[in-house]
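2 protein chains.
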Amino acid sequence: MSSGSPVESVRRAFALLEELNRQRINSIQHLHEATALPKSTIVRLLETLRLLGYVANDPRQGGYQVTSGVRTLSSGFHGDPLVVEAARSWAIEFTRRHKLPIGIAVFDRDAMVVRFSTTRESPMSPFHATVNMRLPLLTRAMGRAYIAFCPAAERKYILGVLARSAHPEDRAARDPEEVREIIARVRRNGFAERSPDVQPKSANTFSVPIRHGRKVLATLGVSYFISAMPKTKAIASYVPPLLDLAKKIEKSVADLTRVQ
Amino acid sequence: MSSGSPVESVRRAFALLEELNRQRINSIQHLHEATALPKSTIVRLLETLRLLGYVANDPRQGGYQVTSGVRTLSSGFHGDPLVVEAARSWAIEFTRRHKLPIGIAVFDRDAMVVRFSTTRESPMSPFHATVNMRLPLLTRAMGRAYIAFCPAAERKYILGVLARSAHPEDRAARDPEEVREIIARVRRNGFAERSPDVQPKSANTFSVPIRHGRKVLATLGVSYFISAMPKTKAIASYVPPLLDLAKKIEKSVADLTRVQ
DNA sequence: TTCCTGCGTTCCATACAGTGGAATGATGCG
DNA sequence: CGCATCATTCCACTGTATGGAACGCAGGAA
């Protein structure tokens, strides 16, 4: 056990592969900046990953991209809650139709964890890295959608946990008035927005819950560049399809869990 | 470009991670036999993968296993056909209920390629490695289900390709009478079985198509140990739920592709 | 008990594999 | 054309991954 030395070249190769998964365009230059590795090292590792069948190099499409081979690196893991599985195909279909990126996050202790996203498939996505990202509950859209719609007893418990959190974005938990306001606004609107104070300021997110009975199974988020359109128009164009998507997923989950 | 040297430690780390995805139990001993790497190297690489968050070491559960972290290695790839996405959640639900492993394969040039499987989740799975495996069309259940139900014109074309194939399991393509028999039997039964001559002989597979109009989008397969029960009983227990599963997936695909 | 045997883990001298700075191509732009 | 940006290749050097060997630990047999 103990610690020791993570094998350096392996660490680098995985860092590179993660970055390749995040970005749509993958110039050597970009990878160089993102990973802080020397370019020659990047080229060598990319060549290795290519030989192993995980990435392809198509210069016409602007660089390197992951191939279906990466599936063998995660096919053994099926720990996702059923709601995420049920949501996947609908989210993909949604992104194909509306060209908007969708994220699906589930609650975990003190934050929402993104378990699936279609950012890569959307040409208009403001975000890159999302899967496995932890989003605070009180400042982010997907967190607010959860805390606002989950059962009261659960909310009370969560707020107790958050009040003791050291994370700066959980600070609001110590101000009951602010919490009350956040929740009231989300409920009044029927969807959640993130705090305007939070990075990155060039983008905004709307989020709605996926419910099953009283429980909130997950939250859906759609993100867009603020510069693309004024907020009122964004709300009018994005929120109704998002609510519709949530409904479809809720129905799928109901179908899947119905014992026959 | 060119070839050169795949970075050795990286090659090994990925081989190890693939093996971890295949097996349910992962003792050092097993990994040692499967990868032919020295044990000390395996321990070092596993420690590296653990530090990077891709595997966990739970000695009580019998060794190492992949964690949700591996998702970040493949989250950027969403190239699966819609049918695979639509089938995932139903397949998982099926495996949870019936405890039987399901595979989903799509046609690719001259074989079926497994794109998703629930082997890891089934306690009774005879198979381990499946994802990205290529299954010949004339000897394997999932291949036969495809060739028997796809449109006639496509079948004719495929058989032409197979007749020129060097793969031993494609040999039957050169015997029109044998092809006719295989297809007739599959159609008569309403499901496909694999050739009894084919490895591994300890297991058997049944397969049915997922159709959309005249096209076969994918095939579903369920595998079981021959020693578990006589074939007639296996057919009676496994085939009807499999057909039911195919129906549900076909309906999902129809819902997803319907333009509204 | 004591001696096995099988497996996981740790150690460390050594060789050589991965490194990265620098040079060379390729491409695009004003 | 000259300049800038980025991809690719080269290769001397060194730091790192290697793997044989030793150790620890459990379970089984006598």
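Top line first, the protein sequences correspond to chains A and B.
For the first sequence, the numbering used here begins at 5 and goes up steadily by one.
For the second sequence, the numbering used here begins at 5 and goes up steadily by one.
Glycine included, each C-beta is placed from N, C-alpha and C at the ideal position.
All of these numbers come straight from a predicted model, not from anything done at the bench.
Query	Result
Can you give me the Cβ contacts of A:R189 inside the same chain, cut-off strictly under 7 Å, excluding the 5 residues immediately before and after it?	none
Considering only their Cβ atoms, is the gap separating A:R92 from A:F111 smaller than 8 Å?	no
Does the CB of A:F229 have a neighbour CB from chain B at under 8 Å?	no
Once you ignore the five residues that flank A:S206 on each side, which residues in its own chain have a CB closer than 8 Å to its CB?	P130, F229, I230 and S231
Helix, strand or coil: which one does DSSP assign to A:H102?	helix
In whole angstroms, give me the CA-to-CA distance for A:T261 and B:E97.	8 Å
Which residues bound the beta strand (DSSP E) around A:A115?	A115 to S121
Helix, strand or coil: which one does DSSP assign to B:F229?	strand
Pair every Cβ in the stretch 65-77 of chain A with every Cβ in the stretch 18-28 of chain B, then say whether three or more of these pairs are closer than 8 Å.	yes
For B:D84, count neighbouring C-beta atoms within 10 Å of its own C-beta (all shown protein chains included) and say buried if the count is 16 or more, exposed if not.	buried
Just the chain B side, please: which residues come within less than 9 Å of A:A17 by C-beta, in chain order?	V11, S13, V14, A17 and F18
Thinking just about the alpha-carbon of each residue, which of B:V226, B:K251, B:P180 and B:V257 is nearest to the one in B:S241?	B:V226
Within 10 angstroms of its Cβ, does B:E89 collect 16 or more other Cβ (buried), or is it exposed?	buried
Chain B partners of A:G67, CB-CB under 9 Å?	Ordered by position in chain B, no residue passes the 9 Å Cβ test against A:G67, which lies about 13 Å from the chain.
Is B:Q69 helix, strand or coil by DSSP?	strand
Does DSSP put B:S6 in a helix, a strand or coil?	For B:S6, the predicted model reports a pLDDT of 38, less than 50, meaning its position is unreliable and no value from the coordinates is stated.
B:R198: which of B:R192, B:I186 and B:R191 sits nearest, CA to CA?	B:I186
Using a beta-carbon distance below 8 Å, is A:V226 in contact with chain B?	no
Strictly below 8 Å CB to CB, what residues from chain A border B:I96?	H82, L86 and E89
For A:R138 and A:I162, I'd like the C-alpha separation in whole angstroms.	15 Å
Does B:V249 have its Cβ less than 8 Å from a Cβ in chain A?	Going by the sequence as given, residue 249 of chain B is Leu instead of Val. No, no contact with chain A.
Secondary structure at B:N136, three-state DSSP: helix, strand or coil?	coil
Report back the beta-carbon spacing between B:A149 and B:T223 to the nearest angstrom; my notes put them in contact at under 8 Å.	4 Å
Under 8 Å, Cβ to Cβ, is there at least one residue of chain A near B:R124?	yes
Which residues in the same chain as B:L53 place their Cβ atom closer than 6 Å to its Cβ, once the five residues preceding and following it in sequence are excluded?	V59
Which residues in chain A sit within 8 Å of B:R92, going by Cβ to Cβ distance?	E89, R92 and S93
Rounded to a whole number of angstroms, what is the C-alpha to C-alpha distance between B:R192 and B:F153?	11 Å
Rounded to whole angstroms, what is the Cα-Cα separation between B:S72 and B:G57?	8 Å
Would you please verify whether the beta carbon of B:L49 is less than 8 Å from any beta carbon of chain A?	yes
I'd like to know if B:Q59 contacts chain A, where contact means its C-beta is closer than 8 Å to some C-beta of that chain.	It is worth fixing the name first, because residue 59 of chain B is Val in this sequence and not Gln. No - not a single Cβ of chain A is within 8 Å of the one on B:V59.
Between which two residues does the alpha helix (DSSP H) carrying A:S199 extend?	From DSSP, A:S199 is part of no alpha helix (DSSP H); its letter is neither H nor E.
Measuring only the C-alpha atoms, how far is A:D259 from B:K103?	19 Å
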